[in-house]
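Residue numbers (numbering that gives the first Met the number 0), protein chains in the order written: chain A, 0 to 418; chain B, 0 to 418.
Number of protein chains: 2
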Amino acid sequence: MDRTRNEPLGVPGTDYPISEADLDHRDPKGLDRWIVSQIVRRLGDSPIRVALWDQPDITPRDGTVVVRIPDRKALFQLMSNPGLHFGDLYSAGRVQVRGDLLQFLEEVYRLGADHGALKLLLTRGRSLAPDRSESKRNIHHHYDIGNDFYTLWLDREAHQYTCAYYADPSMTIEQAQQGKMHHVCRKLQLKAGETVVEAGSGWGGFALFMAKNYGVKVRTFNISHEQVLYAREWAERWGLADRVEFVEDDYRNMTGEYDAFVSIGMLEHVGAGNYKELGALMSRSIGSEGRGLVHSIGRDKPGQLNAWIDKRIFPGAHPPTLREMMDLFESNNLSVLDVENIRLHYARTLEQWLERYEESVDKVRAMFDETFVRAWRLYLVGSIAAFTTGKLQLFQVLYAPSGAKNVPWTRKHVYDGHP
Amino acid sequence: MDRTRNEPLGVPGTDYPISEADLDHRDPKGLDRWIVSQIVRRLGDSPIRVALWDQPDITPRDGTVVVRIPDRKALFQLMSNPGLHFGDLYSAGRVQVRGDLLQFLEEVYRLGADHGALKLLLTRGRSLAPDRSESKRNIHHHYDIGNDFYTLWLDREAHQYTCAYYADPSMTIEQAQQGKMHHVCRKLQLKAGETVVEAGSGWGGFALFMAKNYGVKVRTFNISHEQVLYAREWAERWGLADRVEFVEDDYRNMTGEYDAFVSIGMLEHVGAGNYKELGALMSRSIGSEGRGLVHSIGRDKPGQLNAWIDKRIFPGAHPPTLREMMDLFESNNLSVLDVENIRLHYARTLEQWLERYEESVDKVRAMFDETFVRAWRLYLVGSIAAFTTGKLQLFQVLYAPSGAKNVPWTRKHVYDGHP
């Protein structure tokens with residue numbers, strides 16, 4: 000354990016036991032004020048203000064944000080591992096943000112890694128190649144907390160829990176999710192009678208969409224039990240059960256050859272150490288004539304997810320750089336045809352999710368508790384900030400076998416005559 | 000020097016002195032036939048046939064290609080370093096290809112690296128980070144062999160010696176080169192009054208095109224003396240000398256901030272070891288609000304240019320993979336917005352160049368000699384084969400500063416209302 004970084008401040012590392020005697024003083028000491036002065040100095044001319052527990056709870060002036068720290072323990076936690084503890088303290092209602100939470104988080108992302116004391120983006124040493132049981136645990140953690148919860152705030156038609164595509168920014172979330180699905184199908188140039196294999200089904204919305212709107216047969220893999228049950232029920236209701244097969248299994252067990260491979264929002268959960276293996280499967284599954292598309296959150300430069308999001312929201316998630324994604328293609332005889340980065344569309348998607356979430360917040364509170372409500376608010380707002388500030392990207396990558404002759408001549412067909 | 004590979008055949012390495020006595024036999028020996036039988040075995044059911052010097056010069060049957068080897072020395076050279084010697088032997092008219100040269104070269108590319116004896120794609124240890132004087136020598140070798148030569152077969156309007164863009168494959172080379180320039184300007188969304196800096200001007204066609212058609216001011220860098228003189232003359236003739244500045248200097252000396260950076264067909268000459276430095280310049284030159292585009296030949300997986308092309312045609316050229324190209328962006332706070340691979344467009348461009356080249360072949364012969372004629376024919380046909388078989392790619396990469404808010408919302412503007 001390296002405590003060197005903290006020693007000049009005398010602040011204990013994460014695992015350092017803090018005695019209750021040390022912490023129970025109600026009055027801030029000189030050290031507390033000194034720590035805050037260091038933070039403020041680093042913030043420069045940022046609109047963020049820090050208030051300690053003895054200061055009055057004032058409404059911040061226009062354009063500034065006040066972070067209220069309730070006691071010495073919280074202050075020390077924020078100093079020692081802000082990436083992990085800010086989320087927990089905020090969720091518990093102990094640390095409070097007066098003013099615009101989005102503005103605060105965007106500012107923090109912009110200040111970035113140079114501002115150690117406040118950064119929310121600490122890395123941690125989680126495995127980059129989860130095995131099958133790890134994957135199942137990770138996915139269960141996030142997706143099996145209840146379909147009822149997600150349906151409160153996702154689009155009502157296809158329950159897409161991935162970035163939408165807004166041909167026009169004024170679209171509703173329903174229109175934009177349909178738009179995203181069309182956008183992907185047009186890039187893949189799906190034709191009636193073709194076969195598609197999908198890795199990561201979500202609640203089945205995209206598989207059913209492809210079968211219904213493009214006349215293809217779909218086989219789709221998902222390890223989330225709750226999602227698969229939900230998707231099968233939906234397939235029956237829509238009369239598509241003979242054209243869409245929902246397989247409750249790990250994508251690594253995928254077999255067969257198809258006209259197209261597609262994966263929307265699964266790569267984030269795969270782990271960079273598994274990309275070569277996934278790429279081999281992406282290659283095998285389309286033979287010498289097919290094509291495929293991978294849609295994933297990504298990054299401009301390497302990094303790992305915020306420790307709090309990794310612990311509380313999305314265990315094991317990893318947004319790759321394009322360089323990391325090349326492991327899918329380079330060693331598997333695949334050729335990248337087209338990469339589109341629609342980062343700002345994810346910020347818009349999240350804004351619309353957040354709006355619905357806040358409209359249903361009483362129902363969320365009734366399902367869970369106030370800590371959950373605040374945690375998910377922080378997660379949604381923090382994600383908006385990550386996309387607006389460019390800490391996260393959204394890449395759609397279209398590929399085909401290296402040297403394929405039947406690749407699209409241009410990309411005009413994706414746009415022609417479409418909204 | 001490692002001769003191990005050749006020892007079982009008793010074939011000397013490249014630098015092994017072959018005595019004339021060894022080579023002057025007019026009749027093939029058992030060893031010669033045995034070598035050829037090994038080659039034929041490796042070719043499997045390919046349509047390539049090998050004929051030695053004692054065999055009659057027959058016209059190949061439909062669909063087959065006969066490679067005629069004139070003597071033992073040529074056979075040994077082909078065995079020891081086919082990547083280098085095939086080009087020289089073909090250019091000298093010693094090795095002959097009866098039948099379709101393109102079909103032959105496509106077949107060779109398809110057989111690929113598993114077929115050591117015939118592969119044309121041997122790697123060599125050339126520096127991947129040429130310094131300034133190396134760059135100048137390399138560029139002089141290729142581009143200063145005479146403007147008159149290139150103008151014989153390039154498009155007549157803009158003398159673009161880079162991949163064209165065919166909205167429709169039936170376009171002429173003139174239409175498709177104009178199409179390429181519009182395509183790039185639309186991706187960059189150039190507006191009248193903006194400033195553009197260009198790395199690698201060629202004969203100035205694109206700089207003049209941008210100034211004329213998009214009303215921008217252009218500063219463009221090139222180290223080819225002949226090209227710069229030509230470009231300046233053209234700028235005067237077109238009355239654009241006040242809006243396009245041709246700088247005869249290395250791109251590394253570029254200074255200032257512009258609305259857009261663009262580079263078409265220069266990255267191939269930069270060397271992967273210089274990408275981080277070039278990326279820093281690409282970032283610096285557009286400040287926090289600009290955008291840029293890099294257009295370059297590339298590869299699906301790492302490799303180096305054919306040794307003969309590197310020695311005789313394009314010294315120091317290196318087509319990067321997308322992974323290698325990420326050195327431009329990742330460490331320089333740049334975000335990749337859009338990657339388009341238009342590989343098949345380069346095959347079509349080269350076909351149209353070859354057609355013009357053959358129409359002017361008597362003039363080329365008069366300027367140079369028959370060896371030059373055959374060398375450039377091999378280079379053009381070989382390049383077609385490299386693109387049709389997918390050994391080479393053509394990437395256009397659009398980028399902006401990481402986190403920029405003014406990035407295009409969609410790519411529809413590139414296609415809407417355009418041919």
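Glycine residues also receive a C-beta, built at the ideal position from the N, C-alpha and C atoms.
* To do: State the beta-bridge partners of residue 320 (chain B) as determined by DSSP.
  => Residue pairing for residue 320 (chain B): DSSP places it in a beta bridge opposite B:298.
* To do: Provide the residue span of the beta strand (DSSP E) that contains residue 48 (chain A), from first to last.
  => 47-50
* Presumed contact (8 angstroms Cβ cut-off) between residue 396 (chain A) and residue 293 (chain A), rounded CB distance -> 5 angstroms
* Asked: How would you call residue 416 (chain B), buried or exposed, if buried means at least 16 neighbouring beta carbons within 10 angstroms?
  -> exposed
* Could you run through the segment 203-217 of chain A and flag, in chain order, every residue whose CB is less than 7 angstroms away from some CB of chain B? => none
* To do: Report all residues from its chain with a CB closer than 6 angstroms to the CB of residue 229 (chain B); omit the five preceding and five following residues, and keep chain order.
  => Hits under 6 angstroms: 146, 202.
* On the three-state DSSP scale, how would you describe residue 355 (chain A)? -> For residue 355 (chain A), the secondary structure class from DSSP, reduced to helix, strand or coil, is helix.
* **Proximity winner among B:413, B:338, B:340, B:313, relative to residue 382 (chain B) (alpha-carbon distances)** => Nearest C-alpha to residue 382 (chain B): B:313.
* Alpha carbon of residue 114 (chain B) to alpha carbon of residue 247 (chain B), nearest angstrom -> At residue 114 (chain B) the pLDDT is 42, less than 50, meaning the model places this residue with poor confidence; the figure from the coordinates comes in the next sentence. Whole-angstrom Cα-Cα distance: 44 angstroms.
* Asked: When the cut-off is 9 angstroms and only beta carbons count, does residue 41 (chain B) lie next to chain A?
  -> Chain A places no beta carbon closer than 9 angstroms to that of residue 41 (chain B), leaving this residue out of the contacts.
* Asked: In terms of residues, what are the limits of the alpha helix (DSSP H) holding residue 28 (chain A)?
  -> Neither: residue 28 (chain A) is in no alpha helix (DSSP H) and is coded neither H nor E.
* Asked: From this set, B:393, B:191, B:358, which residue's C-alpha is nearest residue 179 (chain B)'s C-alpha?
  -> B:393
* What residues are listed by DSSP as bridge partners for residue 64 (chain A)? -> A:47, per the DSSP bridge assignment.
* Could you check where the alpha helix (DSSP H) with residue 94 (chain A) kicks off and where it finishes? -> That residue, residue 94 (chain A), is in no alpha helix (DSSP H); it is neither H nor E in DSSP.
* Just grab the DSSP bridge partners of residue 177 (chain A) for me. => Looking at the DSSP assignment, residue 177 (chain A) forms no beta bridge with any residue, so it has no partner.
* If you draw a straight line from the alpha carbon of residue 39 (chain A) to that of residue 76 (chain A), how long is it in whole angstroms? -> 17 angstroms
* Asked: In terms of residues, what are the limits of the alpha helix (DSSP H) holding residue 189 (chain A)?
  -> Where residue 189 (chain A) is concerned, there is no enclosing alpha helix (DSSP H), given that its DSSP letter is neither H nor E.
* Have a look at A:186, A:253, A:216, A:161 and flag the residue whose alpha-carbon is nearest the alpha-carbon of residue 346 (chain A). => A:161
* Asked: Does the Cβ of residue 214 (chain A) lie closer than 8 angstroms to at least one heavy atom of the ligand ZN?
  -> Judged by which ligands are present, the structure shown has none, so any question about the ligand ZN falls away.
* To do: Would you mind sorting residue 177 (chain B) into buried or exposed? The rule is 16 or more other CB atoms within 10 Å of its CB.
  => buried
* Ignore the nearest five residues each way along the sequence and tell me which others in residue 409 (chain A)'s own chain have a CB closer than 8 angstroms to its CB. => Closer than 8 angstroms at the Cβ level, and outside the excluded window around residue 409 (chain A), lies no residue.
* Distance between residue 339 (chain B) and residue 186 (chain A) (C-alpha atoms, nearest Å) -> 12 angstroms
* Asked: Mind listing which residues of the segment 298-321 of chain A have their C-beta closer than 7 angstroms to chain B's C-betas, in chain order?
  -> 299, 300, 320, 321
* Asked: Comparing the C-beta of residue 334 (chain B) with each C-beta of chain A, is any distance below 9 angstroms?
  -> yes
* Asked: Are the beta-carbon atoms belonging to residue 290 (chain B) and residue 326 (chain B) less than 9 angstroms from one another?
  -> In this structure, residue 326 (chain B) does not lie closer than 9 angstroms to residue 290 (chain B) by Cβ.
* To do: Run down chain A in chain order and give the residues with a C-beta less than 9 angstroms from the C-beta of residue 410 (chain B).
  => 339, 410, 413, 414
* To do: For residue 154 (chain A), collect the residues of the same chain with a Cβ closer than 7 angstroms to its Cβ; drop the 5 residues on either side in sequence, then sort them by chain order.
  => 172, 173, 176
* residue 83 (chain A) and residue 73 (chain A) closer than 9 angstroms at C-beta -> no
* Provide the residue(s) that pair with residue 198 (chain B) in DSSP beta bridges, ordered along the chain. => B:220
* Asked: Can the beta-carbon of residue 353 (chain B) be found closer than 9 angstroms to that of residue 379 (chain B)?
  -> Going by C-beta atoms, residue 353 (chain B) is nearer than 9 angstroms to residue 379 (chain B).
* Tell whether a beta-carbon distance below 9 angstroms holds between residue 110 (chain A) and residue 45 (chain A). => yes
* Asked: Straight-line CA distance for residue 262 (chain A) to residue 308 (chain A)?
  -> C-alpha separation (whole angstroms): 23 angstroms.
* **Pairwise C-alpha distance: residue 239 (chain B) and residue 287 (chain B)** => So the alpha carbons of these two residues sit roughly 29 angstroms apart.
* To do: Keeping to the same chain, check which residues put their C-beta closer than 6 angstroms to that of residue 204 (chain B); ignore five residues upstream and five downstream.
  => 157, 158, 159
* Asked: Taking only runs of the beta strand (DSSP E) that begin and end inside the segment 219-295 of chain B, which ones reach a length of at least 3 residues, in chain order?
  -> 243-247, 259-263
* Indicate the three-state DSSP secondary structure (helix, strand or coil) for residue 206 (chain B) in the structure shown. => helix
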